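*Asks:* Dumping the structure here so I can ask a few things about it.
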Amino acid sequence: MRAATARRSSEALAAAASLLVLAAGGGCGSAGGGGGATIADAPNERPFDAAADAAELPDAGVGSDGGDGGDGGDGDGSDGSDGGDGGGGSGDVDAAPAGPTPPCGTGTWRPGALEIHHLAIGQADATLIVGPTGRSLVFDAGEAGWESAKGAMAIGSYVERVLGCRRVDYVVISHFHVDHVGYVGKGGLWHLVNVQGFEIGALLHRDIRAFAGNVSKTFELWREYLEGPGAGLLKPQVAVEGAGQVDLGSGVAFKIVATDGNAVIKRGDFSAVMMPPPPSENDYSIAAVLRFGAFDYFIGGDLSGAFYTSEYGYTYHDIETTVAREIGDIDVYRSNHHGSDHSSNATFLAQTDPEVSIVSIGDTNGYGHPRPNLMQRLLVTSVVYLTQRGDVQTDIGAARVAGAVVVRTTDGQSYTVNGESYAATDPVRIDADGDGYFREADPDDGARATRPTPVGGCDPAYQDCAGPSQPGESSALPAVPSGSRGRAARTDALRP
Ligand SMILES: [Ca+2]
Ligand SMILES: [Ca+2]
Ligand SMILES: [Ca+2]
Ligand SMILES: [Zn+2]
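Using the working numbering, the letters of the sequence shown correspond one by one to residues 20 to 515.
Structure representation (structure tokens):
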């Protein structure tokens with residue numbers, strides 16, 4: 020369901036209107052941006068490819084991946100290798116001169132635009148979100164190899180090019196795997212603040228004291244670092260569900276809808292348990308919905324969508340199915356867990372019904388990403404953009420291999436993805452029985468007690484299977500307003 024709507028004039032009007040708002044302040048720190056004369060020369064829809072950009076940097080050759088990071092990693096069980104990339108490499112990190120931080124708002128971003136940049140940094144994640152007043156959030160800042168700083172170098176130069184400065188208001192780390200946060204003392208988020216001199220307003224992370232499954236050296240070092248030298252630099256906060264922690268400017272809501280397993284997995288530290296295999300770090304990913312007008316976007320790290328036991332010593336659990344009812348209909352979906360088919364389950368996609376899907380993926384991944392099943396599921400519901408081609412054995416159909424994927428809107432009504440135009444929609448979705456699941460996702464939309472069951476079933480070791488019909492769900496469903504039967508049930512409380 021895509022519709023072309025190139026409405027340049029309404030975009031320009033909205034941009035002009037928001038310039039007036041800007042005079043009241045906000046923005047990324049200091050400068051208010053380049054003024055109003057820039058609407059005609061709108062920022063590049065697709066400024067550059069982060070990986071390519073990094074290759075031009077003098078220090079881009081640092082930290083070739085090597086050795087054994089001991090990272091529990093990101094595997095699927097559909098493959099073998101995990102953690103470090105193997106091979107030699109010194110891993111030396113040259114200290115890039117930080118220099119004075121230029122003023123914010125002087126990069127490619129222009130006031131009035133909401134931009135979401137999915138960087139192409141291989142099999143690792145980094146997404147830059149800039150609100151219409153210039154407030155900024157980096158969601159994950161990972162490395163494709165544990166000893167690498169290449170991801171950080173690419174992220175740093177990309178962010179500076181968009182914002183004009185080395186400062187971001189928020190960093191959200193979905194979970195503590197190298198491909199989402201990097202390794203302390205080597206790369207990723209550590210490198211951004213310690214070597215490149217980035218200033219961070221606040222770091223939101225999951226509760227790594229109260230919830231731990233299959234942990235890695237990456238996880239343990241970050242847990243120490245955030246309570247030690249990292250505390251002052253990163254101002255870490257434990258993420259909580261809701262929209263109270265992140266302010267991306269007027270009209271934008273950034274709501275955390277899952278963290279620490281969304282109550283699907285039992286609370287506790289299972290890191291010393293060998294058998295049964297404890298939950299994957301992926302299960303605990305922070306997930307969030309961003310709403311701006313009719314534009315709805317979801318991002319959720321490596322959130323899992325099936326109970327599955329890996330031969331590598333961890334288990335996945337279906338978190339997506341419970342989170343789906345908190346999300347509702349979306350326009351753009353940042354695919355969970357790269358190109359894994361243990362995520363993006365059928366219930367999740369039926370409930371959220373995205374028009375555009377974005378898969379952050381590396382060409383040289385050992386996991387067979389994107390998995391054929393995943394591509395089929397995404398392609399029937401959405402136009403699919405891949406940051407890299409991934410495994411060449413997989414038929415990707417009409418998916419676009421795009422490099423960095425940039426989503427941009429100025430009015431919350433139409434948006435572009437690397438320059439292609441789409442209409443944001445808020446379709447009427449039917450949830451006749453009021454159980455939170457639209458009829459497309461609900462096995463029986465006339466029976467409130469009948470809801471989607473977790474993919475792969477319930478894990479008696481780490482879930483409460485004797486409780487409510489679905490783990491993680493309180494037996495008391497939210498009250499249903501009497502007039503809501505047959506109407507769209509999504510809550511609009513977040514809408515600006
Ligand atoms: Ca929408
Ligand atoms: Ca229903
Ligand atoms: Ca039902
Ligand atoms: Zn990952």
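Ideal Cβ placement from N, Cα and C applies to all residues, glycine included. The structure displayed is predicted, hence computed values, not measured ones.
(1) Does the beta-carbon distance from Leu-222 to Ile-192 come in below 9 Å?
(2) CA-CA distance, Asn-392 and Asp-360?
(3) If you reduce the DSSP assignment to three classes, tell me which class Glu-166 lands in.
(4) Where DSSP assigns a beta bridge to Val-157, which residues make up the other side?
(5) Apart from the five residues just before and just after Val-190, which ones in its own chain have a Cβ nearer than 6 Å to its Cβ?
(6) For Phe-289, which residues in the same chain have their Cβ closer than 6 Å to its Cβ, ignoring the five residues on either side in sequence?
(7) Looking at Ala-258 and ligand 3, is the gap between the Cβ and the nearest heavy atom below 8 Å?
(8) How big is the Cα-Cα spacing for Gly-204 and Leu-182?
(9) Measure the beta-carbon distance from Ala-143 to Asp-198 and round it to whole angstroms, keeping in mind my assumption that it falls under 8 Å.
(10) From Arg-225 to Ser-304, what does the alpha carbon distance come to, in whole angstroms?
(11) Quick check on DSSP: helix, strand or coil for Ala-307?
(12) Who are the near neighbours of Asp-60 in its chain, counting only those whose CB is closer than 6 Å to its CB and skipping five residues on each side?
(13) From this set, Pro-471, Ile-275, Thr-334, which residue's C-alpha is nearest Thr-366's C-alpha?
(14) Less than 9 Å between the beta carbons of Ser-516 and Arg-353, yes or no?
(15) From Pro-373 to Thr-400, what distance separates their C-alpha atoms?
(16) Counting C-beta neighbours from all protein chains within 10 Å, is the total for Pro-248 16 or more, i.e. buried, or is it exposed?
(17) Give a yes or no on whether the minimum CB-CB distance between Gly-332 and chain D is below 9 Å.
(18) Hey, quick one: how far does the beta strand (DSSP E) through His-224 stretch, first residue to last?
(19) Determine the closest residue to Asp-483 out of Ala-282, Ala-132, Ala-229, with distance taken between C-alpha atoms.
(20) The beta strand (DSSP E) that contains His-136, what's its start and end?
(21) Are there 16 or more other CB atoms within 10 angstroms of the CB of Arg-15, so buried, or fewer, so exposed?
(22) Buried or exposed: which applies to Pro-295, given that a residue is buried once 16 or more other Cβ atoms fall within 10 Å of its Cβ?
(23) Please list, in chain order, all residues of the same chain as Asp-464 whose beta carbon is under 6 Å from its beta carbon, the five residues on each side excluded.
(24) With DSSP collapsed to three states, give me the class of Lys-285.
(25) Counting along the chain, where does the beta strand (DSSP E) carrying Gln-256 start and finish?
(26) Can you grab the Cα-Cα spacing for the pair Glu-235 / His-196, in whole Å?
(27) Verify the contact flag: His-356, CB atom, against every heavy atom of ligand 4, threshold strictly below 8 Å.
(28) Quickly, what does DSSP pair Arg-353 with across the bridge? List them, please.
(29) Taking Ala-291 as the reference, which of Gly-161, Gly-312, Gly-332, Glu-345 has the closest Cα?
(30) With a threshold of 8 Å (Cβ to nearest heavy atom), would Ala-343 be considered close to ligand 2?
(31) Is the CB-CB distance between Val-214 and Ala-171 below 9 Å?
(32) In whole angstroms, give me the CA-to-CA distance for His-210 and Gln-264.
(33) Determine the DSSP secondary structure at Arg-467, reduced to helix, strand or coil.
(34) To which residues of the same chain is Asp-266 closer than 7 Å at the C-beta, ignoring the five residues directly before and after it?
(35) Would Phe-326 and Leu-133 qualify as a contact pair, given that the criterion is a beta-carbon distance under 9 Å?
(36) Exposed or buried, which one is Gln-370 when buried takes at least 16 other CB atoms within 10 Å?
*Replies:* Taking the coordinates as given:
(1) Position 203 of the sequence shown, counting from 1, holds the residue named residue 222. Position 173 of the sequence shown, counting from 1, holds the residue named residue 192. It is a contact, given that the beta carbons lie within the stated cut-off.
(2) Looking up residue 392 in the sequence shown gives position 373. Looking up residue 360 in the sequence shown gives position 341. For Asn-392 and Asp-360, the gap between their C-alpha atoms comes out near 6 Å.
(3) For this step, residue 166 is matched to residue 147 along the sequence shown. It is coil, neither helix nor strand.
(4) In the sequence shown, the residue the question calls residue 157 occupies position 138. In DSSP, Val-157 forms a bridge with Leu-147, Val-190.
(5) Sequence index remark: in the sequence shown, residue 190 carries index 171 (1-based). Only Val-157, Ile-219, Leu-222 meet the Cβ criterion.
(6) What you label residue 289 is simply residue 270 of the sequence shown in a count that begins at 1. Hits under 6 Å: Gly-232, Pro-297.
(7) Taking the first residue of the sequence shown as position 1, residue 258 is located at position 239. Checking every heavy atom of ligand 3 against the Cβ of Ala-258, none is found closer than 8 Å.
(8) Locating residue 204 in the sequence shown gives position 185, counting from the first residue. Locating residue 182 in the sequence shown gives position 163, counting from the first residue. Taking the straight line from one Cα to the other gives about 26 Å.
(9) Residue numbering aside, residue 143 sits at position 124 when the sequence shown is read from its first letter. Residue numbering aside, residue 198 sits at position 179 when the sequence shown is read from its first letter. Going by Cβ atoms, the distance from Ala-143 to Asp-198 rounds to 4 Å, so yes, they are a contact pair.
(10) In the sequence shown, counting from the first residue as 1, residue 225 sits at position 206. In the sequence shown, counting from the first residue as 1, residue 304 sits at position 285. Rounded to the nearest angstrom, the two C-alpha atoms are 7 Å apart.
(11) What you label residue 307 is simply residue 288 of the sequence shown in a count that begins at 1. Looking at Ala-307 - three-state DSSP - the assignment turns out to be strand.
(12) As a position in the sequence shown, residue 60 is number 41, starting the count at 1. Interpretation of Asp-60 is limited by its pLDDT of 32, a score under 50 that renders its predicted location unreliable; the figure taken from the coordinates is listed afterwards. There are no such residues.
(13) Reading the sequence shown from its first residue, position 347 is the one you call residue 366. Minimum Cα distance to Thr-366 is reached at Pro-471.
(14) A query on residue 516 cannot be resolved here, the shown segment of the chain reaching from 20 to 515 and no further.
(15) What you label residue 373 is simply residue 354 of the sequence shown in a count that begins at 1. What you label residue 400 is simply residue 381 of the sequence shown in a count that begins at 1. The alpha-carbon atoms of Pro-373 and Thr-400 are separated by roughly 7 Å.
(16) Within the sequence shown, numbered from 1, the residue matching residue 248 stands at position 229. The residue in question, Pro-248, is exposed, as its Cβ has fewer than 16 Cβ neighbours within 10 Å.
(17) Absent from the structure: chain D. Only one protein chain is present.
(18) As a working note, residue 224 is residue 205 in the sequence shown. Residues 218-224.
(19) As a working note, residue 483 is residue 464 in the sequence shown. Measuring from the Cα of Asp-483, the nearest candidate turns out to be Ala-282.
(20) What you label residue 136 is simply residue 117 of the sequence shown in a count that begins at 1. Note, His-136: beta strand (DSSP E), 133-137.
(21) Here the chain covers residues 20 to 515 and nothing more, so residue 15 does not appear.
(22) Along the sequence shown, one-based indexing puts residue 295 at 276. Pro-295 is exposed by the Cβ-count criterion.
(23) Taking the first residue of the sequence shown as 1, we reach residue 464 at position 445. Taken in chain order, the residues that qualify are Ala-451, Asp-452, Arg-458.
(24) For the purposes of this step, residue 285 is identified with residue 266 of the sequence shown, where counting begins at 1. Reduced to three states, the DSSP call for Lys-285 is coil.
(25) Within the sequence shown, residue 256 is the residue found at index 237, counting from 1. Looking at the DSSP string, the run of the beta strand (DSSP E) that includes Gln-256 is 255-257.
(26) In the sequence shown, residue 235 corresponds to position 216, counting from 1. In the sequence shown, residue 196 corresponds to position 177, counting from 1. Reading off the sequence shown, one finds Ser at residue 235, where the question assumed Glu. Their Cα atoms are separated by approximately 8 Å.
(27) Sequence index remark: in the sequence shown, residue 356 carries index 337 (1-based). True, at least one ligand heavy atom lies under 8 Å from that Cβ.
(28) To locate residue 353, count along the sequence shown from 1; it is residue 334. Beta-bridge pairing links Arg-353 to Ile-377.
(29) If you number the sequence shown from 1, residue 291 lands on position 272. For the residues Gly-161, Gly-312, Gly-332, Glu-345, the minimum Cα distance to Ala-291 belongs to Gly-332.
(30) Here residue 343 refers to the residue found at position 324 of the sequence shown. No, the beta carbon of Ala-343 sits no closer than 8 Å to any heavy atom of ligand 2.
(31) In the sequence shown, residue 214 corresponds to position 195, counting from 1. In the sequence shown, residue 171 corresponds to position 152, counting from 1. A contact, by the Cβ cut-off of 9 Å.
(32) Start at 1 with the first residue of the sequence shown, and residue 210 comes out as number 191. Start at 1 with the first residue of the sequence shown, and residue 264 comes out as number 245. The straight-line gap from Cα to Cα measures roughly 24 Å.
(33) Counted from its first residue, the sequence shown places residue 467 at position 448. In this structure, Arg-467 counts as coil in the three-state DSSP scheme.
(34) Translated into positions along the sequence shown, residue 266 becomes position 247. The residues are Arg-154.
(35) In the sequence shown, the residue the question calls residue 326 occupies position 307. In the sequence shown, the residue the question calls residue 133 occupies position 114. Their beta carbons are not under 9 Å apart, which means Phe-326 does not touch Leu-133 by this criterion.
(36) Within the sequence shown, residue 370 is the residue found at index 351, counting from 1. It is buried - the Cβ of Gln-370 has at least 16 other Cβ atoms within 10 Å.
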